[in-house]
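Report on one structure; see the data block that follows.
There are 2 protein chains.
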Amino acid sequence: MSFTDLSIAADAKILPIQEIAERAGIPDEALELYGKYKAKINVNALPTATAHGKVVLVTAISPTPAGEGKSTVTVGLADAFNQLNESVMVALREPSLGPVMGVKGGATGGGFAQVLPMEDINLHFTGDIHAITSANNALAAFIDNHLHQGNSLNIDPRRITWKRALDINDRALRQVTIGLGGPAGGIPRQDGFDITVASEIMAVLCLATSLEDLKERLARMVIGYTYDRLPITVRDLEVEGALTLLLKEALKPNLVQTIEGTPAIIHGGPFANIAHGCNSLMATNTARRLADIVVTEAGFGADLGAEKFMHIKSRKGGFHPDAVVIVATVRALKMHGGIEKGLLAETDSDAVRRGMVNLAKHVDTIRQFGIEPVVALNRFVTDSESEINEIIEWADAAGVAIALTNVWEQGGAGGLELAALVKQELDRPKNFSLLYEETDSVEEKLRIIVQKVYGGADIQLTDKAQKQLVELKKYGWDALPICMAKTQYSLSDQPKLLGRPEGFTVTIREIMPKLGAGFLVCLTGDIMTMPGLPKQPAALKMDVGVNGEAIGLF
Amino acid sequence: MSFTDLSIAADAKILPIQEIAERAGIPDEALELYGKYKAKINVNALPTATAHGKVVLVTAISPTPAGEGKSTVTVGLADAFNQLNESVMVALREPSLGPVMGVKGGATGGGFAQVLPMEDINLHFTGDIHAITSANNALAAFIDNHLHQGNSLNIDPRRITWKRALDINDRALRQVTIGLGGPAGGIPRQDGFDITVASEIMAVLCLATSLEDLKERLARMVIGYTYDRLPITVRDLEVEGALTLLLKEALKPNLVQTIEGTPAIIHGGPFANIAHGCNSLMATNTARRLADIVVTEAGFGADLGAEKFMHIKSRKGGFHPDAVVIVATVRALKMHGGIEKGLLAETDSDAVRRGMVNLAKHVDTIRQFGIEPVVALNRFVTDSESEINEIIEWADAAGVAIALTNVWEQGGAGGLELAALVKQELDRPKNFSLLYEETDSVEEKLRIIVQKVYGGADIQLTDKAQKQLVELKKYGWDALPICMAKTQYSLSDQPKLLGRPEGFTVTIREIMPKLGAGFLVCLTGDIMTMPGLPKQPAALKMDVGVNGEAIGLF
Numbered sequence: 000m001s002f003t004d005l006s007i008a009a010d011a012k013i014l015p016i017q018e019i020a021e022r023a024g025i026p027d028e029a030l031e032l033y034g035k036y037k038a039k040i041n042v043n044a045l046p047t048a049t050a051h052g053k054v055v056l057v058t059a060i061s062p063t064p065a066g067e068g069k070s071t072v073t074v075g076l077a078d079a080f081n082q083l084n085e086s087v088m089v090a091l092r093e094p095s096l097g098p099v100m101g102v103k104g105g106a107t108g109g110g111f112a113q114v115l116p117m118e119d120i121n122l123h124f125t126g127d128i129h130a131i132t133s134a135n136n137a138l139a140a141f142i143d144n145h146l147h148q149g150n151s152l153n154i155d156p157r158r159i160t161w162k163r164a165l166d167i168n169d170r171a172l173r174q175v176t177i178g179l180g181g182p183a184g185g186i187p188r189q190d191g192f193d194i195t196v197a198s199e200i201m202a203v204l205c206l207a208t209s210l211e212d213l214k215e216r217l218a219r220m221v222i223g224y225t226y227d228r229l230p231i232t233v234r235d236l237e238v239e240g241a242l243t244l245l246l247k248e249a250l251k252p253n254l255v256q257t258i259e260g261t262p263a264i265i266h267g268g269p270f271a272n273i274a275h276g277c278n279s280l281m282a283t284n285t286a287r288r289l290a291d292i293v294v295t296e297a298g299f300g301a302d303l304g305a306e307k308f309m310h311i312k313s314r315k316g317g318f319h320p321d322a323v324v325i326v327a328t329v330r331a332l333k334m335h336g337g338i339e340k341g342l343l344a345e346t347d348s349d350a351v352r353r354g355m356v357n358l359a360k361h362v363d364t365i366r367q368f369g370i371e372p373v374v375a376l377n378r379f380v381t382d383s384e385s386e387i388n389e390i391i392e393w394a395d396a397a398g399v400a401i402a403l404t405n406v407w408e409q410g411g412a413g414g415l416e417l418a419a420l421v422k423q424e425l426d427r428p429k430n431f432s433l434l435y436e437e438t439d440s441v442e443e444k445l446r447i448i449v450q451k452v453y454g455g456a457d458i459q460l461t462d463k464a465q466k467q468l469v470e471l472k473k474y475g476w477d478a479l480p481i482c483m484a485k486t487q488y489s490l491s492d493q494p495k496l497l498g499r500p501e502g503f504t505v506t507i508r509e510i511m512p513k514l515g516a517g518f519l520v521c522l523t524g525d526i527m528t529m530p531g532l533p534k535q536p537a538a539l540k541m542d543v544g545v546n547g548e549a550i551g552l553f
Numbered sequence: 000m001s002f003t004d005l006s007i008a009a010d011a012k013i014l015p016i017q018e019i020a021e022r023a024g025i026p027d028e029a030l031e032l033y034g035k036y037k038a039k040i041n042v043n044a045l046p047t048a049t050a051h052g053k054v055v056l057v058t059a060i061s062p063t064p065a066g067e068g069k070s071t072v073t074v075g076l077a078d079a080f081n082q083l084n085e086s087v088m089v090a091l092r093e094p095s096l097g098p099v100m101g102v103k104g105g106a107t108g109g110g111f112a113q114v115l116p117m118e119d120i121n122l123h124f125t126g127d128i129h130a131i132t133s134a135n136n137a138l139a140a141f142i143d144n145h146l147h148q149g150n151s152l153n154i155d156p157r158r159i160t161w162k163r164a165l166d167i168n169d170r171a172l173r174q175v176t177i178g179l180g181g182p183a184g185g186i187p188r189q190d191g192f193d194i195t196v197a198s199e200i201m202a203v204l205c206l207a208t209s210l211e212d213l214k215e216r217l218a219r220m221v222i223g224y225t226y227d228r229l230p231i232t233v234r235d236l237e238v239e240g241a242l243t244l245l246l247k248e249a250l251k252p253n254l255v256q257t258i259e260g261t262p263a264i265i266h267g268g269p270f271a272n273i274a275h276g277c278n279s280l281m282a283t284n285t286a287r288r289l290a291d292i293v294v295t296e297a298g299f300g301a302d303l304g305a306e307k308f309m310h311i312k313s314r315k316g317g318f319h320p321d322a323v324v325i326v327a328t329v330r331a332l333k334m335h336g337g338i339e340k341g342l343l344a345e346t347d348s349d350a351v352r353r354g355m356v357n358l359a360k361h362v363d364t365i366r367q368f369g370i371e372p373v374v375a376l377n378r379f380v381t382d383s384e385s386e387i388n389e390i391i392e393w394a395d396a397a398g399v400a401i402a403l404t405n406v407w408e409q410g411g412a413g414g415l416e417l418a419a420l421v422k423q424e425l426d427r428p429k430n431f432s433l434l435y436e437e438t439d440s441v442e443e444k445l446r447i448i449v450q451k452v453y454g455g456a457d458i459q460l461t462d463k464a465q466k467q468l469v470e471l472k473k474y475g476w477d478a479l480p481i482c483m484a485k486t487q488y489s490l491s492d493q494p495k496l497l498g499r500p501e502g503f504t505v506t507i508r509e510i511m512p513k514l515g516a517g518f519l520v521c522l523t524g525d526i527m528t529m530p531g532l533p534k535q536p537a538a539l540k541m542d543v544g545v546n547g548e549a550i551g552l553f
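See below:
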């Protein structure tokens, strides 16, 4: 018989969530059950404790379109620590329903390194993303109602930057015209929908440290500009209280479990391009209060995910990772070695050797932060011994710690070697430092990221971006960290430039201030904030069995 | 100090939902907790039992825009039965978030006749409506993706009848153009958004009797027509399984409690104009399995709510109400007596007497079904003794059972007299009959409703409706019950014709087949399926307190 993620999950023994809570040291009064296997954590009811846990960040080399199994390694590594009797929790992002309906492939790990109950997590879970959709679109309705009711704030309908959102892949909503049909339909204007995980509210929720901080961040969000080009914020509309009310339950982290019973927090899932791409700060810091080791991940490769994790999330959260795992696969290394997508399953040790430069760059990048990374070579059945040896020889020569992982098939047992290497790094005293300060100029911050993290030569701002920069400085919005929106496939801003490109210039096309999230999104290409569906959406295979069980969900 | 619904709710003693479940005879294994005070009921895990409970339907005279307190009386009557040690449950609709953000006023009863936890119920509750929004918009995305990917079904983009939905009041989305921006944005076409509670999926969920029935109904829904004018259904798109998967948890009824600890099921909330306007059949029949008496309500006045309850919901559910309560207020009677909105608080017994004709017509209507209605005169502090006496004298003369209720202020104790009268009617043998058969012709069904329920003379179909009728017959869709979409303010189709108009003709402007719901929506005027926000939305007063408590929510 053949295993699927869904069949493995369905056969797994799942424990009542109260038992998981007990393992994690969460008292009953802090637990709000959502069915038998999910719960929200009321962090105010946790026993007072400092956030002491050490953080293991799982990141990756520049990935193939299929991904390198970062979530799977994250879950497997946590299960390995659990097998070694360490006090451990895993913190992951919440999956978006849009891609679930569109493309086969979950976001809850895979095989025997999964979080459960996978079907709930991949469908509506505890409703956090629905709450964000509601708040996002309530705000949009308040804006258009303001226009309709006389527009006393003098908002320019052509300069409204706040978009509507749905948690769906729907290309037909990318560009729309609203307010049609005469006076009863409000004021006509151009608009568009983003997928909910690309909403600034998702980024806000993921960086908020309390309800009060959430409200303050929501109030700061810029929704557009007046006819006099002055910014209009949520505070001007006086609806930050209502938006906070809609989000108050969504701010509470969600407790679930891995297939091996390791406590897991799954909370928040901002897009990794337009936002910072990691689970909520609330989740990570709650896990740090409860466990000695917290294994977490960041979206895309280390040039995007790890860089933003350091400069945005952990900077705000007052911590830094104590170890970094870089997930690599033979497949991705071959791609960086110049092999085409259709031929990646064929043995080619030379290609692996050529592609190693990409991994080497990510290793160098992490070392610049003062952390010695551990490479996790995530095994696939198509990998040959000669290819694997090629990688191990390179690592030995370069003095890089490396472990083979096989957690999809073996669960935590397939990650024990990795856990041992990570533990060594956790225990090593280190001298962590960020690569830039928030108070550096925007150009300086951009240049540091491009040169030190991407290995490029310089930056170049379009006329549009230069004008925006002038505006930013005028409003005093320039002392914020950068959130780069760049292709994940290349270290450069050109998706086809694989391996370790050098001497390139990164073009900054647009700078979007996200004052609620507290960062400046810098666009370097066409960033898709509303995906489309494929010709054969995954939904076509989905169904419900006679006992209400999910069918065809991965 | 002054009481608000929210302050009363906040001060109420709320019991753990497990205690309520125990009172209702729901075993632990059938209970899926959502926090401490809400649960979903897995009806398959209930002890086998026939649906034996008798149904009390609470309806009303033609209402004022503020409503006559139907939900409040429904809750208070159930609490009164509970005080009398009857085995009782209450079944209500789920509130929509759109009106909650727009207009101050809840949908969970009021004062001391409320359901709890009111703030959760009025916000995201257990996510049912969000699941419907997701399924509705997933279907829309599948349709537009089908057009974009080659349109093998030959769907005419100009004849797509499926609209998108959001659970929000947002007039700017009533009429939109989607698919703009070139090929990456799909195929441009006109579209619009309804409020989620107006989605056919809401009606489908509320009439489905099992997961299988839900899937079959979803499959039958017509989404538009081909260039050859042939209907296209969800089954043609092969996504009924995926939609059912998105809705499988939403189909489970939600258990909560009244302020006096009476078990309450709140589940489903279809719009009362474009749909049938009562809670789910699943909820009512689950309550009938658990309790001897089930108190439930239907939207708007008896001409709409009660008529549809009889001809659509209870017909499908295989039961009929055993008693009907008609809620009347001095205020509404004065309005029907010709008094303007601003003067309704002033004593005017003559106006009350003149307005009584409206109540008399609704009493006659219910009698036609073979049920002797009980009038609940829902007291307001502005009512005078002389006005109340006027009504009681009329009732005595007309042989109509009437009880004063004061449940807002007194809870169940304010409904004991009403409960006693209702109990008499429940125990009386009766000869219930519907006014039309599904197999009657569409014109015949319409004429019966207009003449027997509205007291009008005849019907008239516009050219458009006549053409639609020809199509309906061609496809064999005519043997379905009628779902009238008519103003609630008048017995006629003209909102300003108050009292008891006679001799009027009702114009049927459009007939919309809803094959999933299993009824034909007949539009008699401009029916608003997406409300707008007022100049000062209720949201402006909303906030969250330091301990996460709701502020300004009613």
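For the protein sequence lines, the chains are Z and E, in the order given. With numbering that gives the first Met the number 0 as the guide, the letters of the first sequence map in order to residues 0 to 553. With numbering that gives the first Met the number 0 as the guide, the letters of the second sequence map in order to residues 0 to 553. Here a beta-carbon is modelled for each residue, glycine too, at the ideal position from N, C-alpha and C. Keep in mind the model is a prediction, meaning the values are calculated, not measured.
So which residues of chain E does residue i contact, with C-beta pairs closer than 8 Å?
i: Z/Thr3; result: Under the 8 Å cutoff, chain E gives no residues; its nearest Cβ is about 16 Å from Z/Thr3.
i: Z/Phe518; result: The premise fails here: Z/Phe518 is roughly 25 Å from chain E at the closest Cβ pair, so nothing lies under 8 Å.
Please classify residue i as buried or exposed, where buried requires at least 16 other C-beta atoms within 10 Å of its C-beta.
i: E/Leu358; result: buried
i: E/Leu342; result: exposed
i: E/Arg427; result: exposed
i: E/Met0; result: For E/Met0, the predicted model reports a pLDDT of 43, less than 50, meaning its position is unreliable and no value from the coordinates is stated.
i: E/Arg228; result: exposed
i: Z/Phe192; result: buried
i: E/Pro64; result: exposed
Expressed to the nearest angstrom, what Euclidean distance is found between the alpha-carbon atoms of residue i and residue j?
i: Z/Asp169; j: E/Ile387; result: 57 Å
i: E/Gly547; j: Z/Glu215; result: 15 Å
i: Z/Ile311; j: Z/Cys482; result: 8 Å
i: E/Ile365; j: E/Gly298; result: 15 Å
i: Z/Gly110; j: Z/Val329; result: 19 Å
i: E/Met309; j: E/Val221; result: 25 Å
i: E/Ala9; j: E/Met117; result: 9 Å
i: Z/Ile13; j: Z/Arg287; result: 24 Å
i: E/Lys485; j: Z/Gln467; result: 53 Å
i: E/Ala164; j: E/Thr295; result: 27 Å
i: E/Gly413; j: E/Leu490; result: 30 Å
i: E/Glu239; j: E/Asp212; result: 11 Å
Using the beta-carbon of each residue, which ones in chain E are nearer than 7 Å to residue i?
i: Z/Gly335; result: Correcting the residue identity first, residue 335 of chain Z is His in this sequence and not Gly. Correct list: empty, because the minimum Cβ distance to chain E is about 28 Å.
i: Z/Gly126; result: His123, Gly126 and His129
Quick one: list the residues of chain Z neighbouring residue i, beta-carbon separation under 7 Å, in chain order.
i: E/Ala130; result: His123
Subject >> Uninterrupted alpha helix (DSSP H) stretches inside the stretch 234 to 316 of chain E (no shorter than 4 residues) >> reply: 239 to 246 and 280 to 289
Subject >> Residues, ordered as in the chain, of the stretch 86 to 106 of chain Z that lie near chain E by beta-carbon distance below 7 Å >> reply: Leu96 and Met100
Subject >> 3 or more residues per run - each beta strand (DSSP E) lying fully within the stretch 91 to 173 of chain Z >> reply: 112 to 115, 154 to 159 and 163 to 165
**OP:** Identify each residue in the stretch 235 to 260 of chain Z for which the Cβ-Cβ distance to at least one residue of chain E is less than 8 Å, and report them in chain order.
**Re:** Under the 8 Å Cβ criterion, the stretch 235 to 260 of chain Z contributes Glu237, Val238, Gly240, Ala241, Thr243, Leu244, Leu245, Lys247 and Glu248.
Subject >> Residues of the stretch 174 to 185 of chain Z whose Cβ lies closer than 8 Å to any Cβ of chain E, in chain order >> reply: Gln174, Val175, Thr176, Ile177, Gly178, Leu179, Gly180, Ala183, Gly184 and Gly185
Subject >> Cβ-based contacts, 7 Å cut-off: residues of the stretch 491 to 525 of chain Z near chain E >> reply: none
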